[in-house]
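> Questions regarding the structure given below will be posed in turn.
2 protein chains.
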Amino acid sequence: MAAPLGIALVGGGIFMKEQHVPAALACPLVSVKAVWSRSLKSAEGTAKLLVDAGTPVDVYSGDSGLEKSYDSLLKREDITGLILALPIMDQPSYIEKALAAGKHVLAEKPIAKDLDTAIKLIGYSKEVSIETQATLAIAENFRFMKGWAYAAEEIEKLGRVTGFVVRHNSMMQTNNKYYNTPWRTKPEHQGGFLLDGGVHYTAGIRKLLGEDHAIANVIALTSLITSHLPPKDTINAILQTKSGAVGSYIHSTGTTMQAYDFHVACEHGYVKATPDKVVTVRGLGADAKSEEKIFEKSSGVKEEVQAWAEALISGKPHPEQTPELALGDLELLEKMLTSGDEDGTRQKLEYQ
Amino acid sequence: MAAPLGIALVGGGIFMKEQHVPAALACPLVSVKAVWSRSLKSAEGTAKLLVDAGTPVDVYSGDSGLEKSYDSLLKREDITGLILALPIMDQPSYIEKALAAGKHVLAEKPIAKDLDTAIKLIGYSKEVSIETQATLAIAENFRFMKGWAYAAEEIEKLGRVTGFVVRHNSMMQTNNKYYNTPWRTKPEHQGGFLLDGGVHYTAGIRKLLGEDHAIANVIALTSLITSHLPPKDTINAILQTKSGAVGSYIHSTGTTMQAYDFHVACEHGYVKATPDKVVTVRGLGADAKSEEKIFEKSSGVKEEVQAWAEALISGKPHPEQTPELALGDLELLEKMLTSGDEDGTRQKLEYQ
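Chains A and B supply the protein sequences, listed in that same order.
With the working numbering, letter number 67 in the first sequence gets 67, and the count goes up by one each step, no holes.
With the working numbering, letter number 198 in the second sequence gets 550, and the count goes up by one each step, no holes.
Now the structure itself:
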């Protein structure tokens with residue numbers, strides 16, 4: 001077996017510490033060589049987790065001088081790729097630098113704060129990869145949760161999609177650890193948590209519907225219910241697929257309501273999907289037969305890191321990690337926000 | 353105690369036989385003197401139920417000649433009022449004749465097939481009642497189901513309404529008894545079952561939200577999923593209240609999905625309401641307290657007939673049976689259908 005790929009972890013936030021560190025440690029195909037974060041304190045926090053697990057790493061940070069800078073990290077020849085989880089606004093410039101330095105990147109979703117930035121980033125990555133061979137993958141862990149994949153297969157078996165309802169209602173309280181990330185408390189990215197968490201759900205419904213029922217256009221109203229969640233915390237949208245099916249997308253991070261429903265109706269039954277539990281209902285009324293399948297709880301991050309490493313080794317990008325797919329997730333979200341900004345005007349989608 | 357009010361039952365359909373006959377028999381304030389239906393056969397069917405219960409009645413019908421005609425029924429001085437349940441398209445002309453003859457009317461919802469017809473009917477009823485003193489009440493049994501009233505009180509206690517979701521998904525199958533009413537199989541009224549059943553749900557959400565959060569405007573897409581349910585069987589809508597709250601309204605009579613959710617979110621919690629069960633959730637997240645209240649199953653028809661009779665005796669129309677309220681239910685439905693016909697254009701509401 002070849003030596004594991006040397007990688008670095010870029011970013012020292014909650015998701016990096018709680019998800020990517022264990023995922024990298026669990027993946028036999030990679031070996032973490034270094035960490036970088038904007039502050040030394042945060043980088044050391046990430047490093048400690050690795051050291052405690054028996055993986056000594058070099059510590060780089062934005063406040064450690066030139067020798068331990070991001071540029072310096074990117075010069076290391078023993079590092080093949082980066083797992084990058086930075087604030088949404090910062091990611092593109094760090095990704096571009098890494099690709100230019102010839103490092104493969106697995107960057108946290110969303111691909112960027114908006115479509116324009118994402119399209120420029122994809123263009124740059126294509127261009128620079130001709131020279132450096134470095135590849136860009138976008139991490140969307142919901143695509144690696146087993147429930148979605150199983151549910152998508154079940155939907156496929158039930159005939160034409162005839163309608164759907166996506167509903168995620170919750171309250172992002174001020175004592176939530178994610179809320180208390182400075183860039184999230186005062187978001188500069190559109191939609192705030194609606195984008196941050198929301199791309200998971202656009203990815204989820206896109207996965208369930210599949211390409212034949214890709215979303216063609218959206219109408220939405222957006223609102224701010226809870227004052228600590230600017231600029232908006234709620235989307236009520238109507239989505240129409242290119243095949244003509246109509247569905248509703250309801251997402252609020254600022255409501256007292258609690259709901260987590262992904263329902264897709266087909267000609268011969270329907271599927272209720274969550275990452276961990278999928279219910280397939282075949283038939284109608286009294287004759288309907290319901291089948292429930294439970295999956296082990298998983299954030300999907302271990303699976304996505306493993307998939308990324310396998311893709312690097314095989315030289316074939318993983319189809320669930322392409323920037324184009326992440327662009328589609330972002331577009332669906334952004335067009336709902338845009339429709340809301342324009343008081344419910346219909347928005348066409350191009351990247352589905 | 354005064355003698356019971358003499359009434360007639362007009363219409364011999366399923367709802368008349370299964371609901372209004374038992375309701376009239378159960379109400380000590382009324383005494384059924386006669387029945388009328390378009391066909392003698394149907395009228396005799398209704399009459400038999402009454403006779404079997406010890407209430408002999410005279411039988412009138414559209415095919416029994418002048419002496420046993422509707423006009424002839426309306427001339428009877430021992431009949432004070434009519435309970436009328438006819439096809440949606442037919443009701444207004446029968447209502448007008450009855451009011452002109454000085455008979456009080458309790459007419460099944462919806463008030464008419466469309467707003468124009470309803471507004472003309474209300475205008476006529478106001479005019480003619482100056483002469484004849486006859487009153488028009490519209491029967492919306494959902495307003496007399498205990499769950500809605502209790503849920504509305506709970507919502508009131510939870511502070512400002514911040515959002516809501518109405519969802520009623522089911523399949524009207526071709527073997528359903530209501531489907532096999534000729535005027536429903538080939539509907540001439542807008543929306544088909546979306547109007548017929550749907551006014552119950554517009555009444556339901558209007559009851560829950562109350563006047564302070566009346567719906568101000570709607571955006572909707574409508575579709576026909578199942579070919580036996582023309583003209584449309586599905587609404588996906590976004591509703592905005594005059595207070596600024598936004599909600600989703602999802603109604604399909606032609607989907608394999610099953611759902612019956614009325615959720616109203618407020619500042620301090622939310623309410624999940626159905627006619628028979630209401631769950632109030634106070635507070636947020638781990639601190640939330642949930643309280644469930646179950647009500648005896650009831651269609652509300654007995655209660656509405658009793659309320660109508662009491663209103664006739666007191667001379668004060670029941671506030672839950674006014675034509676204006678029924679106009680509001682119809683308007684909300686019609687504007688969603690119109691928005692759908694116009695591909696999602698925003699529709700303002702005037703009668704809420």
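Even for Gly, the Cβ is constructed at its ideal location relative to N, Cα and C.
Only counting runs of 4 or more residues, tell me where the alpha helix (DSSP H) segments fall wholly within the segment 6-80 of chain A, in order along the chain.
Segments of the alpha helix (DSSP H) lying fully in the segment 6-80 of chain A: 21-26, 40-52 and 70-74.
> Just the chain A side, please: which residues come within less than 7 Å of Tyr306 of chain B by C-beta, in chain order?
Since the first residue shown for chain B is 353 and the last is 704, residue 306 of chain B is missing from the structure and cannot be characterised.
> Per DSSP, Glu292 of chain A is paired with what?
The partner list for Glu292 of chain A (beta bridge, DSSP) reads A:Val279.
> Out of curiosity, what's the CA-to-CA distance linking Tyr502 of chain B and Ala378 of chain B?
Using only the alpha carbons, I get a separation of about 24 Å.
> Keeping to the same chain, check which residues put their C-beta closer than 6 Å to that of Lys242 of chain A; ignore five residues upstream and five downstream.
Around Lys242 of chain A: Ala214 and Ala216.
> Could you check what DSSP says for Gly562 of chain B in three-state terms: helix, strand or coil?
Gly562 of chain B falls in the coil class under three-state DSSP.
> I'd like to know whether the C-beta of His615 of chain B is nearer than 7 Å to at least one C-beta of chain A.
With 7 Å as the cut-off, His615 of chain B counts as an interface residue toward chain A.
> Compare the Cα-Cα distances from Gly549 of chain B to each of B:Ala597, B:Leu560 and B:Gly606 and report the closest residue.
Per the Cα distances, B:Gly606.
> Can you list the residues of chain B that Arg346 of chain A reaches, using a CB-CB cut of under 7 Å?
Per Cβ cutoff of 7 Å: Gly696.
> For Arg536 of chain B, report the span of its alpha helix (DSSP H) as first-last.
Counting along the chain, the alpha helix (DSSP H) containing Arg536 of chain B begins and ends at Pro534 to Thr537.
> At 7 Å on the CB atoms, spell out the chain A contacts of Gly515 of chain B, in chain order.
Per Cβ cutoff of 7 Å: Ile225, Thr234, Ser252, Thr255 and Met257.
> Would you mind stating whether Ala134 of chain A and Lys103 of chain A have Cβ atoms separated by less than 7 Å?
Cβ distance < 7 Å, so Ala134 of chain A and Lys103 of chain A count as in contact.
> Cα separation between Ser39 of chain A and Met171 of chain A?
So the two alpha carbons sit approximately 30 Å from each other.
> In whole angstroms, what separates the C-alpha of Lys293 of chain A from that of Glu154 of chain A?
Whole-angstrom Cα-Cα distance: 11 Å.
> Using only CA atoms, which one of B:Lys649, B:Pro534 and B:Glu563 lies nearest to Lys629 of chain B?
Here the closest residue by C-alpha is B:Lys649.
> Could you check whether the Cβ of Ser600 of chain B sits closer than 7 Å to any Cβ belonging to chain A?
Cβ-Cβ to chain A under 7 Å: yes for Ser600 of chain B.
> Between Ile7 of chain A and Tyr179 of chain A, what straight-line distance do the alpha-carbon atoms span, to the nearest angstrom?
Cα-Cα distance, rounded: 29 Å.
> Taking the alpha-carbon positions, what's the Phe494 of chain B to Val10 of chain A distance?
Cα-Cα distance, rounded: 58 Å.
> Which of helix, strand or coil does DSSP assign to Leu106 of chain A?
Three-state result, Leu106 of chain A: strand.
> Please name the residues in the segment 190-217 of chain A whose beta-carbon is closer than 8 Å to at least one beta-carbon of chain B, in chain order.
Taking 8 Å as the Cβ-Cβ cut-off against chain B, none of the residues of the segment 190-217 of chain A qualify.
> Hey, is the segment 659-675 of chain B in contact with the segment 570-585 of chain B, meaning 3+ C-beta pairs nearer than 8 Å?
Not touching, per the Cβ criterion.
> What are the residues in the segment 493-524 of chain B lying within 9 Å of chain A by C-beta distance?
Residues Leu510, Thr514, Gly515, Phe516, Val517, Arg519, Asn521, Ser522 and Met523.
> My output table needs one value for Tyr502 of chain B: the three-state DSSP class, helix, strand or coil.
Here Tyr502 of chain B sits in helix by DSSP.
> Which runs of the alpha helix (DSSP H) fall wholly inside the segment 661-697 of chain B and span at least 4 residues, in chain order?
For the segment 661-697 of chain B, whole alpha helix (DSSP H) runs of length 4 or above, ordered along the chain, are 675-693.
> Taking C-alpha atoms, which residue in A:Arg206, A:Tyr201 and A:His189 lies nearest to Val161 of chain A?
Ranking A:Arg206, A:Tyr201 and A:His189 by Cα distance to Val161 of chain A puts A:Arg206 first.
> For Gly204 of chain A, which residues from the same chain have a beta carbon less than 7 Å from its beta carbon, with the 5 sequence-adjacent residues on both sides left out?
So the qualifying residues of the chain are Phe142, Trp148 and Phe262.
> How about Lys465 of chain B and Ile440 of chain B: are their beta carbons less than 7 Å apart?
Yes, these two residues count as a Cβ contact at 7 Å.
> Would Asn175 of chain A be called buried (16 or more neighbouring beta carbons within 10 Å of its own) or exposed?
Label assigned to Asn175 of chain A: exposed.
> Taking Leu636 of chain B as the query, report the chain A residues whose CB atoms sit under 8 Å from its CB, ordered along the chain.
Residues of chain A passing the Cβ test: Met171, Gln173 and Thr256.
> Any C-beta of chain B sitting closer than 7 Å to the C-beta of Leu221 of chain A?
Interface residue, yes.
> Within its chain, find whatever has a CB closer than 7 Å to the CB of Lys687 of chain B; leave out the 5 residues flanking it on each side and keep chain order.
So the list reads Val570, Gln699 and Leu701, once near-sequence residues are dropped.
> For Tyr476 of chain B, report the span of its alpha helix (DSSP H) as first-last.
Its alpha helix (DSSP H) spans residues Leu467 to Thr484.
> DSSP three-state call for Asp585 of chain B: helix, strand or coil?
Three-state DSSP puts Asp585 of chain B in coil, outside helix and strand.
> Quick one: is Ala405 of chain B buried, meaning 16 or more other Cβ sit within 10 Å of its Cβ, or exposed?
Classification of Ala405 of chain B: exposed, given that the 10 Å Cβ count is below 16.
> Secondary structure at His200 of chain A, three-state DSSP: helix, strand or coil?
Three-state result, His200 of chain A: helix.
> Below 7 Å between beta carbons is the criterion; list the residues of the segment 117-143 of chain A that meet it against any residue of chain B, in chain order.
For the segment 117-143 of chain A, which is checked against every Cβ of chain B, not one residue is closer than 7 Å.
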